[in-house]
Structure formats: C-alpha cells, structure tokens
Amino acid sequence: MPTPGALLDRALALTALCERPDLHRRLTRVKQRVEAPSVRVLVVGEPKQGKSSLVNALVGAPVCPVADDVATTVPTVVRSGESPRAELLLAGAAAGDDGGGTTTRLPVPIETVAARVTGTAAEGVLQAEVELPRRLLADGLELVDTAGVGGVGAAHSPTTIDLLPSADAVLFVSDASQEFTAPELAFLTQAAALCPTVVCVLTKTDACPDWRRIAELDRAHLHAAEVPAEVLPVSATLGVLALTTQDRELQEESGIGALARYLRREVVERAEALSRRALVHDLSSVAEHLALAVRTELRGLEDPDGREELVGELEEARVAVEELRRRSSRWQQTLADGVTDLLADIDHDLRDRSRVVTREAEEAIDAGDPGPAWRELAEWLDQCIALAVADSFVWAEQRSQFLAEQVIGQFTADSGTALPELTVGSAAEALETLVDLPAIDSGALPLRERVLIGLRGSYTGVLMTGLVTSLAGLAIINPFSLAAGVLMGRRAYRDDKAQRLSRRQSEAKSIVRRHLDEVVFQVGKQLKDRLRLVQRTLRDTITDTVDEMSQSLADAVKAAQRASRSATAERDAQVRAVRQRLAELDRLARDVRSLEPGLTGGTR
Amino acid sequence: MTAPAEEDPVEQVRALLGEALEVYADEPAAASRLSAVRQRMDEPLRIALVGRVKAGKSTLLDALVGARLAPTDAGECTRVVTVYRYGRIPKVVLHDTAGTSRVLPARRVGGGLRLDLGGSAPEDVAQVVVEWPAPELEAATLVDSPGLASLSTDASDRTTSFLEAGDGVPGVDAVLYLTRHLQPDDVAALTSFQAAAAAAGRHTATLTVLSRADEVGGARLDALQAAAAVARRMSADPAIAAVTSAVVPVAGLLALGARTLRHGDVVALRALAAADRTAVAAMLLTTDRFLRAEAPVEVSPTVRAGLLERLGLFGVRLAVALVHAGIGDAATLADELLRRSGLPELQRLLQVHFTGRGRQLRVAAALQVVGDLLRTSPRPGTEGLAEAVERIRLAAVDVDELALLARLRAADDLLPPGLRAEAQRLLGAEGTAAASRLGLSGDGSAEELRGAAQDAVARWRQVTTDPALDRPATDAADVVLASCEALLTGLGRAPALRT
Chain E
1 MPTPGALLDR ALALTALCER PDLHRRLTRV KQRVEAPSVR VLVVGEPKQG KSSLVNALVG
61 APVCPVADDV ATTVPTVVRS GESPRAELLL AGAAAGDDGG GTTTRLPVPI ETVAARVTGT
121 AAEGVLQAEV ELPRRLLADG LELVDTAGVG GVGAAHSPTT IDLLPSADAV LFVSDASQEF
181 TAPELAFLTQ AAALCPTVVC VLTKTDACPD WRRIAELDRA HLHAAEVPAE VLPVSATLGV
241 LALTTQDREL QEESGIGALA RYLRREVVER AEALSRRALV HDLSSVAEHL ALAVRTELRG
301 LEDPDGREEL VGELEEARVA VEELRRRSSR WQQTLADGVT DLLADIDHDL RDRSRVVTRE
361 AEEAIDAGDP GPAWRELAEW LDQCIALAVA DSFVWAEQRS QFLAEQVIGQ FTADSGTALP
421 ELTVGSAAEA LETLVDLPAI DSGALPLRER VLIGLRGSYT GVLMTGLVTS LAGLAIINPF
481 SLAAGVLMGR RAYRDDKAQR LSRRQSEAKS IVRRHLDEVV FQVGKQLKDR LRLVQRTLRD
541 TITDTVDEMS QSLADAVKAA QRASRSATAE RDAQVRAVRQ RLAELDRLAR DVRSLEPGLT
601 GGTR
Chain H
1 MTAPAEEDPV EQVRALLGEA LEVYADEPAA ASRLSAVRQR MDEPLRIALV GRVKAGKSTL
61 LDALVGARLA PTDAGECTRV VTVYRYGRIP KVVLHDTAGT SRVLPARRVG GGLRLDLGGS
121 APEDVAQVVV EWPAPELEAA TLVDSPGLAS LSTDASDRTT SFLEAGDGVP GVDAVLYLTR
181 HLQPDDVAAL TSFQAAAAAA GRHTATLTVL SRADEVGGAR LDALQAAAAV ARRMSADPAI
241 AAVTSAVVPV AGLLALGART LRHGDVVALR ALAAADRTAV AAMLLTTDRF LRAEAPVEVS
301 PTVRAGLLER LGLFGVRLAV ALVHAGIGDA ATLADELLRR SGLPELQRLL QVHFTGRGRQ
361 LRVAAALQVV GDLLRTSPRP GTEGLAEAVE RIRLAAVDVD ELALLARLRA ADDLLPPGLR
421 AEAQRLLGAE GTAAASRLGL SGDGSAEELR GAAQDAVARW RQVTTDPALD RPATDAADVV
481 LASCEALLTG LGRAPALRT
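For the record, the sequence lines run as chains E and H. Residue 1 is where the first sequence starts when you use the numbering used here, and the numbers rise one by one after that. Residue 1 is where the second sequence starts when you use the numbering used here, and the numbers rise one by one after that.
This is the structure we're talking about:
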C-alpha cells in the first residue's frame, strides 16, 4: 500500500503539472498536517489523585514532579523526540523587559525538569516541555499533565474546560480510595460534551483494597450521568516498579500496559483514522478537480463534433458556480442568520447568568454587613462567575458546532444539484478544521495575561483566568479593586450604625453590579470574537471550495477549446499525452481510495 | 478567671434563661429557642465532624470513641446526621423530619454497634441520636455528618442545614473539619463557618484534620511524617491560619485499629514479621497481593483480610516494621501505633480548644441568644433581663474574650500584626491555663508566671492608650488588658498577695 506521504507528493507534482497553484497550496497545508501529527491527551483531575505519577509511569521517566504536598503548579507537556530533552517556557526574562514582552525558552537537563517546576523554583515558568523517545509517543501522542490548572473545582475548571476542545482525549484521574464526587462528575459531563474521548483512570489500586467496588460504583455513576467513558484501574507505583525490575507480570498487574494499549487503540488510532479520512477527502477531491479538465480535453480531442455541446455544458456549470459565488445564497443566509442569532443568544445567556449571580449576591449583602465579609463575598462571586462563564462557554461551543454543521449541510444542498461531479466534503470534515481553533501564540500577549494562561488556550481561557485573579484583588488596573479598597479599609470593625451599614450595602451592591457588567462585556466580547473566528473559518472554507470549483470548470472549458483548435496531426500525440495523465490521475484516485480507513479497519 | 461560686456565670445564665422563658412563654418560636439553649447548658459540648464525602469522618469518630459505632464502607455511607452522646446503656433514637421519633434496636456487634435505620429512607430522617457508654463521650458529644460535595446532594444538604440550624441555636459548638488535602473549596467551607459564626458574634472554633494521613504518598512507611510536613506548611499559611485553629494529620483507621487491636492481630503480625522479609515485602506491595490465597506465611487469608480491614495497608506495613524493630508485646505495639496515628495530638488539641472551654462557650452562646431575642422582640418588663445579660457579660471576662477571638480571626487588621498573635495567645487561643496564655512552658514557677503576667498587664495598658491606634483597636486592647488583669489576679491569689 502506498504511504500517505508518497501519494501527497504525487498529487503535488500533478497539481504543479496541471498549473493549479490553488490546489497546490491546499495540498501543501495537508502535507504539513500529515507530517507532524499531534494527538493531545490532557491528564486532568483533582489535586493529589496521582496525575503526575500516572504520566511518569506511562512514559517510564520521572519527568513530572511528584510530592506529598501539592507539587506541580506548572503544566508539563510530554511528547516524542529523538533524544530526551527538556525545555522550560519562561515569562519575559529578556533584559529590560517590562512585562509586556516575549517568552523565552530555556533548555534544562531532563533530570532537573521536575524540580524546576516545583514550589518557588516554578516562579515565572509558564510551561515545561519534555521530549522522550518512547514507542507510546511515537505517533504524535502528546501527554499534558495539567497540574496547576487541572483542578476540576470551580476555580480551576474554566481553564481546563477551555483546553478541552483542542484535546483529542481526556484522561480523568481519580484515585481508588473513593467514588466520584459531585464536582468530579460535573466536570466529566462537561468534558464528554466537548471532547471526543474521555477515559477515567482509577489510580492507586495498590493501596486501596476496595478498588473493585469503587470502580463499579464509578461505572454506575457514569452510566447514570450518561457519560460514555471507560474506567481503567491502574497503579502507577507498580508500573514504575515493574519497569525497574523488568517484571512483566507486575507490569500487567499495574494496569499501565492496558492503559497504554487503550490509548493507542482508542485515541491514537482513532485520531489517525480521522486524519486519514480528511487526507483521503482532500486527495480525492484534488484528483477529481484535476481529472475534470483532463477528461474534458480528452473528450474534446476524441469527439471534435460534440465539443460545442461539451463547451456549452461546461459553461452552464461554470455560470452556476459563479452564481453560487455571487448570489447571496442560502448557506450564506444560514451562516449570517445563525451568527446573528447566536450573538444575541450569547448576550442573553450571559446576562441571564449574571442576573442570577447578581441576585444571589444582593441577597447575601442584604443579609449582613458586607464590610467584614467582603473578602469571602468576593471569593464567592469569583467562583460563581467562573462557573457561569464555563457553562456559557460550553454552551456557545456546542451551538457554534451545530451552526457549522447546518451551514455545511445547506451549502452541500445548494451546490449539490449544480455540480454533480465534484464532491464538497462532509460537515464532519469541515468541522475538523474548526475544532483546531488557532492556538494563541503565547509570545504576543502581555505578561499579565500570559502568566495566567499556563497552557496555550484560547482567548476565553486567558480572559477567565484573568478575571479569576483580578477579582481576588490582584490587578490594580481593574476599576473594581479601586472601589473595593474603600470597603476593605473598613471591614475590620463591625459597625452597627444602620445608616452606614445601609450605605455600605448599597455601595457593595453597586460594585457587584458594575463588576458583573464588566464581566458580561468582556466575556461576551471574547465569545463573540471566537464565534466570528468560526464564522470566518466557515466562510473561507466554503469560498475556497467554490473558487476551486470555478477554477476547475474554467480550466475544463479552456481545455475543451484547446482541443478543438488543435490540428489533426497533433491530435493523436495529444490524446496519448492526455490519456497518460488521466491514467495517472485514475491511479492516484485508486491509491487514495485504498487509504480509506474503512478498508483498513479504522473506527467510526 | 475563676469566679466565686455564688457568681458562677453558668448558674446565673441558667436563672436568666428561666426568667426569659417565663416572659416569652406565649411565643412558641422564642420559647423553643430558649429551652433548646437551656437544655444545651446541661449537655456536654457538641463537636461536629464535617468534611468532604469519604474524608474519613466516621472512621475518625470511631477512633475518638474507641469503638466501631459509625457505619463505614468503601462507598459513600453516612447519609444522615447522627449524634453520638454518652448514655449508660446503648440506645438509638431516630427523629424523622415529620417531628416524630422512635427507638431503634441497638445491636452490639463485636464491641461496636450495627446501625440500621429500620426501614426509614435517609431523606425522611432529621437525625439519629445514639447513646453509648463510652467515657470519651462524656466530655463531648460527637456529631457525624454526611459528606460535602457528595453525589447525592440531599446528603450534603442535610449536613449544611444541620450546621446552619436556622433558628439561631447553632447545631454544634465546634467543628472538626476533615479533609484529605486542603483545597481552595475546603478553605471556602471553613471560611463560611467562620463568617457565619463571626457575624453572629459567636466563637465557633474549627480544627482541621488532614484525614487518612496514612494514604499520603501511596502508604509509604514515612507517610505520617510526610503528612505532618504538609500539615505544618498549611498551619503556616496565613490564609489557612485565619480560618482554623490548627491543622493536624490523623490516620483514623490506624488509630481505631490500634485502639481495638486484638490478640489474634498481634499473633498474625508477629508471624508476618518472622517470615522471610523479601517474601513479606512482596506480599505487602499491594492489597491484592496481600490477600492472595497462597502466601509464604502461616497466616490464613481470612486473618489477613481482617488485618487489612482493621489497620489498612499502611498499618500492616508499619506494624510489621515495628515488630522487626523489636516491639513485640501487644500493649506496646498498640501504644506505638496509636502514637503514630496522630490521634493523641488531636485529643490534646480538642481539650485545649473545645472541651477545656466548654463552660465559656456555652455561656457565650446563651447570652448571645437571649441578647438577640431581647433586641429583636422587646417586651415590657424585659429591661431587667437586658441588665442581667449585661451584668453577666461584664462579670465574665471570658465571654468578651471569645467574642474578640472570633473577631480577630475574621478580621486580620483589627490589631497591628505585631500585637495580634500575642493578643490571641493571651485571650487563650492556645489554651486557657496561665502558662499557655503567657506563652511559658508548663513547669514555670508561680513567681515566673506572675512576672510575665505583670509585664503583659503593663504592655497592654500602654497599648490601650496608644494614640496611634484607632478606636476599634483600643477597644480590643481593653479586652486583652482585662484578660491579663484577671490572669494576674488569679495568680496573685496563690502564696503571697501582692499589689
């Protein structure tokens, strides 16, 4: 079977030969994607459940810090590399940098990387990146130990949730000493909505005699919550011991081997199958586009009398495509309407959520003196907002996916009748490009925000963490903290004078309202930006498709005309050359079809 | 601090409550609050064990009592609020939400109790009251509560509503907060206890227990030392110190196992220690291996399962290591296991923070309830009562002490940082004995204590007149000064009275 790389090269050569730079560009992008596959697996869970130990056991090296206290405050990314190597991503650090500048990469010896991201040594470190030559990682698997941002409690979850859409799988870590708690299951439900594969890993089975009971209980909870996730029991301790003693039996007992196999089978191979399907789609559509012109030329050459009719047919099709492009057709309507609706809905949704929070906060303020309890109130508010924003985000994400499906569906319906010979591609494939929303270049952000991201996340992640911390009174530029300072000054003494109390209450309420307005404005803006990105991506994808169609048809018309002009003597030679090219294209199309995952046992 | 018997504030408060009950007899809500408070005056302190689901609350309760009373299980188990109090004969009474109560059979199983709701659904049960003849329960009534953040939200709600206990009579006097690892959510929970108590001017003390400490670091032999290090770091964190009196690691299962260690257990442990060390180490690698049918030692699988259930994997590892180290006899082994479990330290802290202050806490709570009532629904003729409240409050320095302690915890800028720690100590945050208040070791002579007390009086008298301090701070300093003076008076009464 030909390799995807070889096929891509053949197709690239053919696009160059047929003078189709647009298709050449498209294939070059595909090539880049195929050459650097990346399957990102987030390792998440409450603190002290054994996330870092699990990553260490999976890759067989102590690259993530493990300690009795909270160890990791910085996420660690472990991916494949030719030789063991570690790098720290530092904030600022360049001389004279005032905090608005770039990030620096600092290579460190791999043995020290765990120590460098622990405790005070971790200051200024945004992320650790480790490369290891491991079979498990060879196919682009990338493990992200989300310690530090990986909590599933209200304060942490927005950041983690924000990472989910960019992940191919989530390993949810919970130890065998107890069944799932309410926040854990809530997180799992959200994760299952945003990420294709969620696996629950039950850790520390060596020290918990009742792990089988706990696993059963957890499966029952997952079933009740309709979360389609497996529960895999493992013992990282045994896994490491098995590695040092080279004990196969122990290795099996630890469950680490089973987990690695599961990751390969369900995550890596599934991601491969998906990317292969996208590749097959790209290649066969390019082959079809190229074949259209070649086949037309051949028909023109072989049947000179019918060419008027042929050119007429082609012109008709071309007009139809031009129409499709020019006319504000239905897919654009669907997109525009959908985006407008969604923008309004996002606004309404956010305002609704913020109203609920405001009401609760006002009740709390009325119930007592906001002065002494201000810090607690601010923390509570902070958590409520984080939770509301996370919900809003999940909801907006699902809505935009749904919109994308509708738009693609509409476009397929619109164009399907006009252009029977060219396939457009399914919504699922177009969505693949959407799921990979462009990651933030962490270098371009001001330091204040960057320190908070930790991981490459999307804009909302930055914003939410920014809010979470600024609420705690960290940011001086936040208008909220200026007014809050006035209150803080007084909170020491319980003042029972009714007049001052009520003034303080109304002041507190207005601060809360003002702050929530700001939150709604900022989050709304970020969600809208994200939606606009979805809109732009969709529009560009579809416009490109139309452009390609139009170009292919124009080429076909030209080819037919060229065929009609050529003299009889040259015709035979031309027919031969064109036939040869067509045969080459057919071979390519056939080879591409043999890549179909359906034939090689892929999933879904 | 000690007032003459005829001025005993407890007696005075009792009389006050009696009078108030007469005045408010026609107001059922007020009357029930007052009679609840009066009833509590005669009861031991109530200490609630609160924490996340599966934090080990029931196991710790059993360890504190020294008997298996609270039902425990691998899954979530405690679903109703259960009060364990002293009684000469075992008795279980179930109070349901409809207001009726019935006696349940108290079945003794192996020195413990098998609790059975007798067919009642947990959501219909308001609380279960267990009476048990354990001397530990005479000092304090213990309350087991369903875990917070439970998947069955009803259970969590029952805990929350019990703690808040609506009508102004707090369900508990003190909270033992259990957590396996102190997370932001836990700090928030502790803060809310503190805030609720401080808002009511009440001093609800909280001790934080790092529970299941034997599971730290995968039940390594030094797990408890590691847990102690974590606890120390947490105690030093100002954010945590603000909401809890202390953080202590306790391995509840180990403590309970040690307190109920059987002869058969010791024999089995000795057999394990006597066998080939490598083989036993391999057995102790995982619980699954320890329970395998075939084993290189003459200890039957059933006995091994019993050991694991009662001591936990860490407990077995530790006990075997202790026997290796030469501790062979059952009593010494049990003592050593108990000492290492961290339970004795927790018991000491409970004494210092809660039970040693029982009288104070009760008087303060009662005055608070009566004072609130008089303010919110004054009646003709209650002026006398209000005066009595004020009189008792003035006479009992410790009531002000408690209120100030509560406020010092809630507001970190009431006193300048340099004075705050000393003020808390003098107010009795680390124990109400003279030496603890003065920060001296217990064996100081009376002369030394008096000298230190005199210094404290002089220092705080200066603070009260410090022009740089604002009014709230000088008011607080007045309370501290009063405590110092009372302390000096108490000491001065000893050998030679000096002025």
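Even for Gly, the Cβ is constructed at its ideal location relative to N, Cα and C.
query, result
"Quick one, are the C-beta atoms of threonine 432 of chain H and glycine 356 of chain H less than 8 Å apart?", "yes"
"Note down, in chain order, each residue of its chain lying with its Cβ closer than 7 Å to the Cβ of leucine 106 of chain E, except the 5 sequence neighbours on either side.", "Glu87, Leu88, Leu90"
"Does the beta-carbon of glycine 111 of chain H have 16 or more other beta-carbons within 10 angstroms, so that it is buried, or is it exposed?", "exposed"
"Please confirm whether leucine 259 of chain E and leucine 232 of chain E have their CB atoms less than 8 Å apart.", "yes"
"Between H:Leu117, H:Leu34, H:Ala63, which has its C-alpha nearest arginine 259 of chain H's C-alpha?", "H:Ala63"
"Would you please verify whether the beta carbon of alanine 165 of chain H is less than 8 Å from any beta carbon of chain E?", "Bear in mind that a pLDDT of 48 at alanine 165 of chain H, under 50, signals an unreliable position, so the number given afterwards is only what the model happens to contain. Not an interface residue."
"For lysine 91 of chain H, list the residues DSSP reports as bridge partners.", "H:Glu131"
"Spatial neighbours of threonine 296 of chain E within its chain, please: CB distance less than 7 Å, with the 5 preceding and 5 following residues excluded, ordered by chain position.", "Leu310, Leu314, Ala556, Ala559, Ala560"
"Report the CB separation of serine 177 of chain E from glutamate 215 of chain H in whole angstroms; it is logged as a contact under 8 Å.", "6 Å"
"Counting contacts by CB-CB distance shorter than 8 Å, is histidine 181 of chain H in contact with chain E?", "yes"
"Whose CA, out of H:Ala388, H:Val299, H:Leu438, H:Leu404, lies closest to the CA of proline 9 of chain H?", "H:Ala388"
"In terms of DSSP beta bridges, what is leucine 200 of chain E paired with?", "It is cysteine, not leucine, that sits at residue 200 of chain E in the sequence shown. Paired residue(s): E:Phe172, E:Val231."
"What did DSSP end up calling alanine 275 of chain H once you bin it into helix, strand or coil?", "coil"
"Identify the continuous alpha helix (DSSP H) that holds glycine 252 of chain H and give its terminal residues.", "252-259"
"Can you find a CB in chain H that lies within less than 8 Å of the CB of lysine 509 of chain E?", "no"
"Identify whether threonine 76 of chain E lies in helix, strand or coil by the three-state DSSP scheme.", "strand"
"DSSP state of aspartate 96 of chain H, grouped into three classes?", "strand"
"Would you be able to state if there are at least three C-beta pairs under 8 Å between the segment 30-50 of chain H and the segment 367-379 of chain H?", "yes"
"Would you check if the distance between the CB atom of leucine 23 of chain E and the CB atom of leucine 8 of chain E is smaller than 8 Å?", "no"
"Enumerate in chain order the residues of its own chain whose CB-to-CB distance from proline 84 of chain E is below 6 Å, with the five nearest sequence positions on each side excluded.", "Ile110, Leu132"
"Taking 8 Å as the cut-off, does the segment 357-369 of chain H touch the segment 440-453 of chain H (at least 3 CB pairs, one atom from each stretch)?", "no"
"Are there 16 or more other CB atoms within 10 angstroms of the CB of isoleucine 89 of chain H, so buried, or fewer, so exposed?", "exposed"
"In three-state DSSP terms, what is glutamine 127 of chain E?", "strand"
"Could you give the residue range of the alpha helix (DSSP H) that holds aspartate 62 of chain H?", "57-65"
"At a Cβ threshold of 8 Å, is threonine 181 of chain E touching chain H?", "yes"
"Run down chain E in chain order and give the residues with a C-beta less than 7 Å from the C-beta of valine 230 of chain H.", "Asp68, Asp69"
"Taking CB distances under 8 Å as the criterion, tell me whether arginine 52 of chain H reaches chain E.", "yes"
"Rounded to a whole number of angstroms, what is the C-alpha to C-alpha distance between arginine 527 of chain E and isoleucine 214 of chain E?", "Residue identity differs from the one stated: residue 527 of chain E is leucine in this sequence, not arginine. If I take the Cα positions, the gap works out to 39 Å."
"Tell me which residues share the same chain as leucine 431 of chain E and place their Cβ nearer than 6 Å to its Cβ, disregarding the 5 neighbours each side in the sequence.", "With a pLDDT of 36 at leucine 431 of chain E, under the threshold of 50, the predicted position of this residue should be treated as unreliable, though the coordinate-derived value follows. Closer than 6 Å at the Cβ level, and outside the excluded window around leucine 431 of chain E, lie Ala404."
"To which residues of the same chain is glutamate 179 of chain E closer than 7 Å at the C-beta, ignoring the five residues directly before and after it?", "Ile214, Leu217, Asp218, His221"
"What are the boundary residues of the alpha helix (DSSP H) that proline 4 of chain E is part of?", "4-17"
"Which residue marks the beginning of the beta strand (DSSP E) containing glycine 112 of chain H, and which one marks its end?", "112-114"
"Can you say whether glycine 264 of chain H is buried or exposed, counting buried as having 16 or more other CB atoms within 10 angstroms of its CB?", "exposed"
"By Cβ distance below 7 Å, which residues in the same chain neighbour leucine 137 of chain H in space, the five residues on each side in sequence not counted?", "Val65, Tyr84, Arg85, Tyr86"
"Chain E partners of threonine 376 of chain H, CB-CB under 7 Å?", "Going along chain E, no residue has its Cβ under 7 Å from threonine 376 of chain H, so there is no contact; the nearest lies around 14 Å."
"Count the other C-beta atoms from every protein chain shown that fall within 10 angstroms of the C-beta of serine 442 of chain E, then say buried if there are 16 or more, exposed otherwise.", "Bear in mind that a pLDDT of 26 at serine 442 of chain E, under 50, signals an unreliable position, so the number given afterwards is only what the model happens to contain. With 16 or more Cβ atoms within 10 Å of its Cβ, serine 442 of chain E is classed as buried."
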